[in-house]
Amino acid sequence: MTAAPAAPAAPPDTDFGLALIGCGGFGSYVLDAVRDIPGLRVVVCADAERDRAAALAARCGPTVVVRKTVGEAVSVPGVDVVVLATPPVAHADAAVTALRAGKHVFCEKPIALTLEGAAHVAAEADRAPGVFVVDHVLRYNPILRLLQRLGGEGLLDALRRFSFENDASDEDLGPDHWFWDPARSGGIHIEHGVHFFDAASALMGSVPVEVQGTAVRRDGGPVDIVVATATHPGGGVATHTHSFTHAHRAERQLMRLDYGFAEARVTGWIPTFATITAWTDDAGAARWERLPDRAADLLTVPGLRPHGHERITVAVTRGAGSDRPASGRGVTRTVPHRVDCVIDLGGEPRKPYVYAESVRAAMTDLLHCAVHGTAPVADARAGLAAVAVAEAATRSAQTGGRALPVTAPTTGTVGGAD
Ligand SMILES: NC(=O)c1ccc[n+]([C@@H]2O[C@H](COP(=O)([O-])OP(=O)(O)OC[C@H]3O[C@@H](n4cnc5c(N)ncnc54)[C@H](O)[C@@H]3O)[C@@H](O)[C@H]2O)c1
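Numbered per numbering that gives the first Met the number 0, the sequence shown spans residues 0 to 417.
Here it is in structure tokens:
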């Protein structure tokens with residue numbers, strides 16, 4: 000069954016002026032992803048390299064103002080939303096500057112290089128009138144939303160294990176790129192791992208209590224492989240492996256989710272395809288079989304425009320297992336039927352589409368919250384919690400690999416989606 004295109008979120012009823020700080024690769028990507036949102040217009044492009052800001056401003060229209068710093072950008076009349084897309088080292092100070100100027104902030108991840116810096120940003124976001132969204136794009140991915148919804152409906156049990164294997168590319172990361180310099184990026188767990196620490200927290204519904212880290216250095220070079228094992232309260236474990244050692248064509252990612260009687264396998268770092276296998280009873284089989292008709296609702300993310308070819312298929316093999324009770328980890332059920340479910344957003348060829356639309360959905364969330372006074376899905380607390388896990392994993396690796404406690408707030412929207 001194909002998902003019918005769902006209506007995008009209602010456009011905000013206010014006119015928002017946007018200032019982009021950091022006009023490099025991802026800043027211009029974000030701008031392209033959000034600039035057709037109704038009610039949003041680009042007012043300022045700012046970059047420490049003024050020529051970069053000028054080139055992007057010229058693409059956006061003749062009235063766009065060019066600046067060098069966030070301080071200069073927030074004083075331009077008509078700026079309501081500040082997008083921060085500088086390298087990570089500049090995020091925390093810039094976020095505080097923009098929040099204190101009364102602006103809404105759309106901050107690239109990580110929100111800061113350190114737990115201390117992230118806590119400072121989160122405290123400022125709590126006090127400030129503006130909405131703060133961290134661009135944890137996975138929070139706005141339709142497949143992960145669907146998994147959260149199936150959990151909420153009881154079709155999936157609590158997640159026991161989250162395992163993410165990321166064979167990422169280093170092909171465009173030359174030796175002088177800021178990515179390899181922990182003083183500017185924070186290292187792999189902080190620069191990139193935060194996406195997945197946050198996704199694991201959203202899917203588990205909790206922030207881990209402790210984490211153990213490992214870091215592997217390439218011969219004579221920087222750390223390019225990191226592993227973290229995070230223990231969540233209530234008996235869940237998440238393992239995260241990131242290996243920035245591949246050619247683009249050899250990139251691959253797998254998120255494996257163990258729900259006990261069900262397993263999900265999600266592929267792509269921007270998820271575009273997933274399978275779920277589950278064991279169920281008669282009533283459960285009937286509920287799984289209704290999912291294809293509910294595809295549009297289950298995959299809805301406000302602000303993300305479906306391309307119209309999203310699919311959920313479900314096949315139930317009745318009597319695939321014995322009808323005697325089966326048990327695992329002390330849970331006993333009579334579940335003779337096997338469910339094979341496929342969620343297909345178009346696979347790898349649709350990654351650019353889903354990625355850009357997820358960024359658009361994150362900005363839509365910010366604007367919606369600015370108009371209605373509600374809290375965004377990927378808020379500063381989510382950004383803080385992810386940095387807390389990432390920093391503890393990094394320190395653990397640097398200090399012999401002993402598990403360290405995660406000192407992060409347990410409040411906030413870690414499980415939030417709908
Ligand atoms: N959410 C995602 O999926 C995602 C994906 C890629 C990158 N990112 C994030 O986007 C951010 C930018 O990454 P990028 O690849 O575009 O980097 P980049 O190096 O291509 O661009 C950064 C730009 O910021 C400018 N700059 C640096 N310091 C500045 C300052 N203090 N004030 C103003 N401008 C400054 C630089 O001149 C440069 O033009 C990073 O935080 C990165 O982690 C997020």
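All C-beta atoms in this analysis are idealised placements derived from N, C-alpha and C, irrespective of residue type, glycine included.
Alpha-carbon to alpha-carbon, residue j and residue i
i: Gln147; j: Ile342; result: 14 Å
i: Pro128; j: Thr271; result: 36 Å
i: Asp156; j: Leu290; result: 17 Å
i: Asp292; j: Pro207; result: 36 Å
i: Val405; j: Val388; result: 6 Å
i: Arg304; j: Glu356; result: 7 Å
i: Ala8; j: Tyr28; result: Note that Ala8 has pLDDT 49, beneath the 50 cutoff, so the model's placement of it is unreliable and no number is given.
i: Arg401; j: Val41; result: 47 Å
i: Pro141; j: Ile269; result: 10 Å
i: Leu202; j: Leu143; result: 8 Å
i: Val300; j: Ala360; result: 7 Å
i: Leu383; j: Gly372; result: 21 Å
i: Arg183; j: Gly116; result: 13 Å
i: Thr398; j: Val222; result: 15 Å
i: Glu288; j: Val338; result: 9 Å
i: Arg255; j: Val358; result: 24 Å
i: Thr363; j: Leu39; result: 10 Å
i: Val313; j: Cys340; result: 4 Å
Counterpart residues of residue i in DSSP-defined beta bridges
i: Met254; result: Phe163 and Val265
i: Leu39; result: Phe15
i: Thr333; result: BP columns for Thr333 are empty, so no partner.
i: Glu209; result: Thr230 and Pro404
i: Ile110; result: Note: Ile110 sits in no beta bridge, so no partner.
i: Phe272; result: Thr266 and Asp343
i: Val82; result: Leu19 and Phe105
i: Phe25; result: Answer is none; Phe25 lacks a bridge partner.
i: Gly327; result: Val330
i: Arg216; result: Val222
Burial state of residue i, where buried means 16 or more other Cβ atoms lie within 10 Å
i: Arg328; result: exposed
i: Gly150; result: buried
i: Pro308; result: Sequence inspection shows His at residue 308; the Pro mentioned does not correspond to that position. It is exposed - the Cβ of His308 has fewer than 16 other Cβ atoms within 10 Å.
i: Ala45; result: buried
i: His247; result: exposed
i: Pro4; result: Confidence at Pro4 is low in this model, with a pLDDT of 39, below 50, so the placement of that residue should be treated as unreliable; the coordinate-derived value is given next. By the neighbour-count rule (16 or more Cβ atoms within 10 Å), Pro4 is not buried but exposed.
i: Glu107; result: buried
i: Arg349; result: buried
i: Thr331; result: exposed
i: Arg323; result: exposed
i: Ser200; result: buried
i: Ala93; result: buried
i: Ser205; result: buried
i: Gly302; result: buried
CB of residue i within 8 Å of CB of residue j, strictly
i: Asn165; j: Thr240; result: yes
i: Thr209; j: Leu403; result: The residue asked about is misnamed: residue 209 is Glu in this sequence, not Thr. The answer is yes: Cβ separation under 8 Å.
i: His188; j: Ala227; result: yes
i: Val63; j: Gly16; result: no
i: Arg159; j: Gly234; result: yes
i: Phe273; j: Arg286; result: Before going further, note that residue 273 is Ala rather than Phe in the sequence given. No, they are not a contact pair.
i: Phe131; j: Leu172; result: no
i: Ala379; j: Val133; result: yes
i: Val386; j: Leu114; result: yes
C-beta neighbour in chain E for residue i, strict 8 Å
i: Val405; result: Note that chain E does not occur in the displayed structure, where there is just one protein chain.
Next on the checklist: Closer than 8 Å is the cut-off here; do at least three beta carbon pairs connect the segment 353 to 373 with the segment 102 to 117?
Outcome noted: Between the segment 353 to 373 and the segment 102 to 117, the count of C-beta pairs closer than 8 Å reaches three or more; the two stretches touch.
Checklist entry - Is it true that the segment 293 to 302 meets the segment 188 to 201, where meeting means three or more beta-carbon pairs spaced less than 8 Å apart? => result At 8 Å Cβ cutoff, the stretches do not touch.
Checklist entry - Touching or not, the segment 43 to 57 and the segment 117 to 126, by the rule of three or more beta carbon pairs under 8 Å? => result Contact between the segment 43 to 57 and the segment 117 to 126 is absent, because fewer than three Cβ pairs lie under 8 Å.
Next on the checklist: Closer than 8 Å is the cut-off here; do at least three beta carbon pairs connect the segment 21 to 40 with the segment 73 to 91?
Outcome noted: Judged by Cβ distances under 8 Å, the segment 21 to 40 makes contact with the segment 73 to 91, as three or more pairs qualify.
Checklist entry - So, do the segment 380 to 397 and the segment 209 to 225 have three or more beta carbon pairs nearer to each other than 8 Å? => result Yes: the two stretches touch, three or more of their Cβ pairs being nearer than 8 Å.
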